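Asks: Going by the UniProt record's numbering, the letters in the sequence shown line up with residues 1 to 346, in that order.
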Amino acid sequence: MTESLAVALELTAEINRVSPASDDLAEDLAFMWDPMKRIVPFTAGWIGTLDEDQRRYTTVTSIGHDRDSLAYMESEELTELRKTGGLLQRHRPMRRRHAPPHTAELPCWSRHWWPAGFRAVLDVPLITPDGRHLGVLALHTNTATQPTTEARDMIGAIAPAITAVLDPMNLFAGLAQLVQGATAAVVVDRRGTLTPLPGMATDSVLTRFPTVAPTAINALTDRIRHTTFLCPLHADDAPQRYVQVTGLACPPSTPEDLIGIVLISPPGNLYALTHRELVVLGLVIEGHANRDIAARLYITTRTAAAHLEHIRAKLHAPTRTAAAVLATRHGLYIPYRLIDGRTGRP
């Protein structure tokens, strides 16, 4: 075993010990630069993650770059050059000699890297197992003879460990395990885009009923970090069925454009509550009085009051407030926005 290979194996093992849930990945990953220099004698190192719009990268950790150089590493201009150079489609590291022709004529070299003393660069795409381009590891050297082919391949072999630490999906997968029996999960960003959580299915509930995910996400706040409710699955000539929907807020350490996770799981004990009673509970939780409940469900106020009496009896709740607290805690309600008030169907 060569010394470089031994260093690469040890470094990979150390990176694997870094938690994706870390609040300071820059500090937690800073240890890797020194051993990495034993593989590639670089002058400056940088790791950045690409935003959802693929317009620019954000620095995770770096060494050897001054303020101007660091700003350029994050610039839209360099991101565009990486795109046109095919870096976002690559899975293997790219050395300068593998870059497009006339490299010296590129602005990144003529205006920035060559004047800074850089003579070669190794760009290593950070690609997730499901093919997402998460970011780049870039190593700049002061000699065109480095990195060698062997060193390039060793850094490429280390890259998946770095990717695993940076990938928020790994953290979300751990959170998903907290929801017992979860069968499907998606990650929701600020645009409302649903991204399947790797390793889990995407339940058709989330596509057939477009209000489900927003209902879960909109219930989350700085103080409310999770929510649970029921979604009815209507089928003609079949008993009423439900799935449990859980919304989890993203931890503070995740990228700002990701806001939450929505999971689907089987419902728990429904305490013999009827479909109408579950809808009534949803309206009670929203703060509606009996008259408002009656108007929204096209029933009389007396019928609404009777529903609440039945609910309290089934939940052994002394008051409507106590019933609402229990229903919120156990997800025993259907949000009104999920159903048609007249028919009670989704």
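Cβ atoms here follow ideal geometry from the backbone N, Cα and C, with glycine treated the same way.
Note that the structure is predicted; figures quoted are calculated from it, not measured.
1) For P210, which of helix, strand or coil comes out of DSSP?
2) Quick one: what does DSSP say R95 is sitting in, helix, strand or coil?
3) Thinking just about the alpha-carbon of each residue, which of V165, G199 and A159 is nearest to the one in A176?
4) Can you pull the DSSP bridge partners for W46?
5) Would F31 be called buried (16 or more neighbouring beta carbons within 10 Å of its own) or exposed?
6) On the premise that G48 lies in contact with V60, defined as a C-beta separation below 8 Å, what is that separation, rounded to the nearest angstrom?
7) Compare the C-alpha of L206 against each of A184, T227, T301 and L70 and name the closest.
8) Leaving out the 5 sequence neighbours to the left and right, which residues in its chain are closer than 6 Å to R291 when beta-carbon positions are compared?
9) Please report the straight-line C-alpha distance between C231 and L248, rounded to a whole angstrom.
10) Just tell me which of V245, D189, A201 and P318 has its CA closest to the CA of G260.
11) Could you check if A99 is buried or exposed, using at least 16 other CB atoms within 10 Å of its CB as the buried criterion?
12) Measuring alpha carbon to alpha carbon, tell me which residue in P255, T246 and Y336 is nearest I285.
13) Tell me whether Y57 sits in a helix, a strand or coil according to DSSP, three-state version.
14) Determine the burial state of G135: buried for a count of at least 16 other Cβ atoms within 10 Å of its Cβ, exposed for fewer.
15) Just the Cα atoms here: how many angstroms apart are L270 and H330?
16) Going by DSSP in three states, E14 sits in which element: helix, strand or coil?
17) For D123, name the three-state secondary structure that DSSP assigns.
18) Check whether the region 87-98 touches the region 61-68, counting contact only when three or more Cβ pairs, one atom from each stretch, lie closer than 8 Å.
19) How would you label D53, buried or exposed, when you count the other beta carbons within 10 angstroms and need 16 or more for buried?
20) So T301 is in the alpha helix (DSSP H); what residue range does that whole segment cover?
21) Who are the near neighbours of H112 in its chain, counting only those whose CB is closer than 6 Å to its CB and skipping five residues on each side?
22) What's the C-alpha gap between A173 and R55?
23) Compute the beta-carbon to beta-carbon distance between I39 and S62, rounded to the nearest angstrom, for a pair I have assumed lies under 8 Å.
Replies: Well, looking at it:
1) coil
2) strand
3) G199
4) S62 and A138
5) Exposed: under 16 other Cβ atoms inside 10 Å.
6) The C-beta distance from V60 to G48 rounds to 6 Å, short enough to fall under 8 Å.
7) Between L206 and the set A184, T227, T301 and L70, the nearest pair of CA atoms involves A184.
8) Hits under 6 Å: T301.
9) 16 Å
10) D189
11) A caution first: A99 carries a pLDDT of 49, below 50, which makes its placement in the model unreliable, though a value can still be read off. Per the 10 Å Cβ criterion, buried.
12) Y336
13) strand
14) That one is buried.
15) 9 Å
16) helix
17) strand
18) no
19) exposed
20) T301 to L315
21) Y72
22) Straight across, the Cα-Cα distance linking A173 with R55 is about 27 Å.
23) 18 Å between Cβ atoms; not a contact.
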